[in-house]
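Student:
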Amino acid sequence: MTSLVHPRVSVDPAVCGGRPVNAGTRVRVSDVLDMLADGASIAEIVADFPYMSAQDVAAALAFAARNADHPVVTVAG
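Final position of the sequence shown in the numbering used here is 332; the numbers increase by one with none missing.
1) For the ligand COA, is there a heavy atom less than 7 Å away from the beta-carbon of A313?
2) Give me the Cβ distance between V312 and V287, rounded to the nearest whole Å; I'm assuming they're in contact under 8 Å.
3) Tell me which residues share the same chain as R274 and place their Cβ nearer than 8 Å to its Cβ, disregarding the 5 neighbours each side in the sequence.
4) Here's a check: name, in chain order, each residue in its chain whose Cβ is nearer than 6 Å to the Cβ of P262, leaving out the five neighbours to either side.
5) Strictly under 8 Å for the Cβ-Cβ distance: is N322 near chain D by that measure?
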């Protein structure tokens with residue numbers, strides 16, 4: 256069963272081991288982040304994966320940013 260967890264990002268246990276992917280593809284969010292971290296531009300990613308759009312890349316970034324955030328932990332004094 257596929258679950259849309261963010262616009263254009265889905266999770267399905269039957270696809271890529273349940274890792275978040277751009278919806279309708281097998282391109283994992285982590286793959287998009289790795290490509291960007293290695294210096295690929297959005298245009299290069301879209302050229303390499305023509306079934307993806309610049310909006311898909313932006314959605315992967317937004318999903319990752321939302322999931323990287325965490326509550327601030329303070330020590331009771």
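Cβ atoms here follow ideal geometry from the backbone N, Cα and C, with glycine treated the same way.
Tutor: Concretely, from the data shown:
1) Among the components of this structure there are no ligands whatsoever, and the ligand COA is therefore not found.
2) Within the sequence shown, the letter at position 57 stands for residue 312. Within the sequence shown, the letter at position 32 stands for residue 287. About 6 Å; that satisfies the 8 Å criterion.
3) In the sequence shown, residue 274 corresponds to position 19, counting from 1. Cβ neighbours of R274 beyond the five flanking positions: V266, R283, V284, S285.
4) Locating residue 262 in the sequence shown gives position 7, counting from the first residue. Residues A314 of the same chain have their beta carbon placed closer than 6 Å to that of P262, with the five preceding and five following residues left out of the count.
5) Of the chains in the structure shown, none is chain D; there is only one protein chain.
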